[in-house]
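Peer 1:
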Amino acid sequence: MTITVIVIALALCAVMLFYMAVRSRIKKAGQSFRPVDLSAFRTLIDREDELFMKEKLPRSKFVRLKRQRIRVTARYVGRIASNASAVLHASAAVRVSPLPEVAAAAAQVTELAAQIRIQCLVAWAKLSLEYAMPSLQLTPALLVPRYQTLRENVRRLGDLQTQSQIPLASAI
Amino acid sequence: MSGRLIIHDLWIGSIVLQVALAVALLAKRTWQNFPAFAAYIFFCLFEAGVTYALFGNKVAYFWAFWTCETIGIVLGLAVVREIFTNVFSPHPALRKLATMIFGVAVIALVLLACAVIYVQSANATGMVNAVLLAAEAARLVEVGLIMFLFLSSSAFGLHWRQNVFGIALGLGMFAAVDLVTVTLIGHVGVTTQLAFKLARGVSFSASLFIWLGYLLVPEHATSGAEVPKRDQLEQWNQAVMELISR
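Below is the structure:
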């Protein structure tokens, strides 16, 4: 009986998942690039002051502040992930360009965006762990240099592909 | 109108839809990009024809139906594999990781299917129940893999091409409803069995509509107009800055 319940629950979860996928696809149809303030993000993930706060503040206040910080960081990571996803989608069309250098640059951008998505997943996992255990310090430090490289590559792609130069390069 | 008559009408309707889908596949040359899906659709059409012809002969119908169902499930799994390749092949950075997770998912689902067969085999007396149990295990693997595809592509932020999304959605919807049907149909009375058969027929027809719709409607192209204007970007930027300085 238990196994039957599990199987039925799985099937119902599948139907829910498909419904959510359709909704998310409709939502994503209007998805576009959103800006990320990298210097602010860098300040947020630089946690040298965390030890000071830990020493000076009562534990409850420290935990509350740290969780607040994690929530904001997670929003930034979410925005970077969303932009990387939009780049994946936008560069897919450019990858079939008849100009080899444009196609190669688009392939590089796609590759990097995919790596950023993986890094974002890792960052979310780390942030979740930190949220559960605020005394942990797991900074998603790899994300900033990767995102900067992506920006540079997208800009290069924009230079090569004059038509999409302004929007794609300046949007992220 | 009786339940049996509705099921019969649905059957005829689904055959008409399958013919339309087969014509669309041929006309749009979709079979070149999705050979497994095309094979699945043509086989479903063949199955519908054979089982309709054998409907009067109960024994022949039973064997023809379940043989075709087995082949259909195998082809369904091939379609899942095709979707996976289609979604992840343009992204070499993700493909390796996704293939590894896909392998783990296959092993986990096969183990779950084996557990289902092991636990329920004691109650599955007779040929019909044994066949239903095997179908349940196979559908479980199929539904699980389609769920994995949706979850992983969402986690990696991948945008599915319209026809790939349609194929996965249609197959997933039908497989999920069929999983519920084959799991419960052996444990319920005749009237409820009829309701399950009706639900299965409706879901298959709905899947055919989904496939037809996604194959026939032209794909929405990404345009430059979707990218936000600079002042809009600055407004968003300002909002995030305010969020940080809170």
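Those sequence lines, one after another, are chains G and D. Mapped onto the working numbering, the consecutive letters of the first sequence carry residue numbers 2 to 173. Mapped onto the working numbering, the consecutive letters of the second sequence carry residue numbers 812 to 1057. Note that the Cβ used here is the ideal one computed from N, Cα and C, for glycine as well. Fair warning: this is a prediction, and the values are worked out from it, not measured in the lab.
How long is the line joining the alpha carbons of Asp820/D and Ala850/D, rounded to whole angstroms?
Peer 2: Computed Cα separation, rounded: 25 Å.
Peer 1: Have a look at Ile46/G and Lys28/G and give me their C-alpha separation to the nearest angstrom.
Peer 2: When rounded, the distance between both Cα atoms is 30 Å.
Peer 1: Going by CA-CA distance only, name the one from Ala114/G, Ala87/G, Ile71/G, Ala22/G that's closest to Ala126/G.
Peer 2: For Ala126/G, the nearest C-alpha among the options comes from Ile71/G.
Peer 1: Assuming Ala924/D and Leu951/D make a contact with CB atoms under 8 Å, what is their CB distance in whole Å?
Peer 2: Indeed they touch by this definition, with Cβ atoms about 5 Å apart.
Peer 1: Should the stretch 940-954 of chain D be called in touch with the stretch 983-999 of chain D, which here means at least 3 C-beta pairs below 8 Å?
Peer 2: Yes, they touch.
Peer 1: Would you mind telling me which residues of chain D sit closer than 9 Å to Phe19/G, beta carbon to beta carbon, in chain order?
Peer 2: Simply Ile957, Met958, Phe961, Ala979, Leu980, Gly983, Met984, Ala987.
Peer 1: Check whether the stretch 50-65 of chain G touches the stretch 83-96 of chain G, counting contact only when three or more Cβ pairs, one atom from each stretch, lie closer than 8 Å.
Peer 2: No, because fewer than three Cβ pairs between the stretch 50-65 of chain G and the stretch 83-96 of chain G fall closer than 8 Å, the two stretches do not touch.
Peer 1: Quick one: grab the DSSP three-state call for Phe895/D.
Peer 2: In this structure, Phe895/D counts as helix in the three-state DSSP scheme.
Peer 1: Within 9 Å of any Cβ in chain D, is that where the Cβ of Leu89/G sits?
Peer 2: Yes - at least one Cβ of chain D is within 9 Å of the one on Leu89/G.
Peer 1: What's the gap between the Cα of Met134/G and the Cα of Gly79/G?
Peer 2: Approximately 21 Å between the Cα atoms of the pair.
Peer 1: Are Val23/G and Leu990/D close, meaning C-beta to C-beta below 9 Å?
Peer 2: Contact: no.
Peer 1: Do Ala835/D and Leu1027/D have their C-beta atoms within less than 9 Å of each other?
Peer 2: Their beta carbons are under 9 Å apart, which means Ala835/D touches Leu1027/D by this criterion.
Peer 1: Let me make sure I understand the geometry here. Which of Leu969/D, Gly824/D, Glu893/D, Lys869/D has the alpha-carbon closest to that of Gln843/D?
Peer 2: Among Leu969/D, Gly824/D, Glu893/D, Lys869/D, the Cα nearest to that of Gln843/D belongs to Glu893/D.
Peer 1: For Asp38/G, name the three-state secondary structure that DSSP assigns.
Peer 2: In the structure shown, Asp38/G sits in coil (DSSP, three-state: anything other than H, G, I, E or B).
Peer 1: Drop a sphere of 10 angstroms on the beta-carbon of Gln829/D, count the other beta-carbons inside from all chains shown, and report buried for 16 or more, exposed for fewer.
Peer 2: By the 10 Å Cβ count, Gln829/D comes out buried.
Peer 1: Helix, strand or coil: which one does DSSP assign to Met2/G?
Peer 2: If DSSP states are grouped into helix, strand and coil, Met2/G belongs with coil.
Peer 1: Here's the rule: buried if 16 or more other CB atoms are within 10 angstroms of the residue's CB, otherwise exposed. What is Pro256/G?
Peer 2: Chain G is shown only over 2 to 173; residue 256/G falls outside these bounds and no answer can be derived.
Peer 1: Taking C-beta pairs closer than 7 Å, name the residues in chain D that Thr5/G reaches, listed in chain order.
Peer 2: Neighbours of Thr5/G on chain D, chain order: Thr994.
Peer 1: Could you check how far apart the C-beta atoms of Arg96/G and Phe967/D are, in whole angstroms? I think they sit under 8 Å.
Peer 2: Not quite, the Cβ-Cβ distance comes to about 17 Å (not below 8 Å), so this is no contact.
Peer 1: What does the alpha-carbon distance come out to for the pair Phe876/D and Leu886/D?
Peer 2: C-alpha separation (whole angstroms): 15 Å.
Peer 1: With distances taken Cα to Cα, identify the nearest neighbour of Ile882/D among Glu858/D, Phe866/D, Ala871/D.
Peer 2: The shortest C-alpha separation from Ile882/D is found at Glu858/D.
Peer 1: From which residue to which residue does the alpha helix (DSSP H) around Trp1022/D run?
Peer 2: Looking at the DSSP string, the run of the alpha helix (DSSP H) that includes Trp1022/D is 1001-1027.
Peer 1: Just how far apart, CA to CA, sit Glu131/G and Ile918/D?
Peer 2: For Glu131/G and Ile918/D, the distance between alpha carbons rounds to 31 Å.
Peer 1: Taking Cβ positions only, does Arg858/D come closer than 9 Å to chain G?
Peer 2: The sequence given here places Glu at residue 858/D; Arg does not occur at that position. Glu858/D does not count as touching chain G.
Peer 1: Got a sec, what are the start and stop residues for the alpha helix (DSSP H) Ile119/G sits in?
Peer 2: Element bounds for Ile119/G: 101-133.
Peer 1: Using CA coordinates, which residue listed in His902/D, Ile818/D, Thr841/D, Ile996/D is at the minimum distance from Val975/D?
Peer 2: Considering only alpha carbons, the answer is Thr841/D.
Peer 1: Going along chain D, which residues have a C-beta under 9 Å from Ser86/G?
Peer 2: Within 9 Å Cβ-Cβ: Phe967, Gly968, Leu969, His970.
Peer 1: Only counting the same chain, and skipping five residues up and downstream in sequence, which positions put a Cβ closer than 8 Å to that of Trp971/D?
Peer 2: These residues qualify, in order along the chain: Val898, Ser964, Ala979.
Peer 1: If you measure beta-carbon to beta-carbon, which residues of the stretch 106-139 of chain G are closer than 7 Å to chain D?
Peer 2: Within the stretch 106-139 of chain G, the residues whose Cβ lies closer than 7 Å to some Cβ of chain D are Thr111, Glu112, Ala115, Gln116, Arg118, Ile119, Leu122, listed in chain order.
Peer 1: Short of 8 Å Cβ to Cβ, which residues in the stretch 936-956 of chain D face chain G?
Peer 2: Hits within the stretch, in order: Glu947, Leu951, Val954, Gly955.
Peer 1: Tell me the DSSP secondary structure of Ile7/G in three-state form.
Peer 2: Helix at Ile7/G.
Peer 1: Just by C-beta distance, which residues in the stretch 911-935 of chain D are closer than 7 Å to chain G?
Peer 2: Those would be Ala926, Val927, Val930, Gln931, in chain order.
Peer 1: Can you list, in chain order, the residues of its chain whose CB lies under 6 Å from that of Val1001/D, leaving out five sequence neighbours each side?
Peer 2: None.
Peer 1: Are the C-beta atoms of Arg96/G and some chain D residue less than 9 Å apart?
Peer 2: Yes, Arg96/G counts as interfacial toward chain D.
Peer 1: When DSSP labels each residue in this structure, what does Leu816/D get in the three-state scheme?
Peer 2: Here Leu816/D sits in helix by DSSP.
Peer 1: If you check the beta carbons only, do Ile818/D and Tyr863/D fall under 9 Å apart?
Peer 2: Contact: no.
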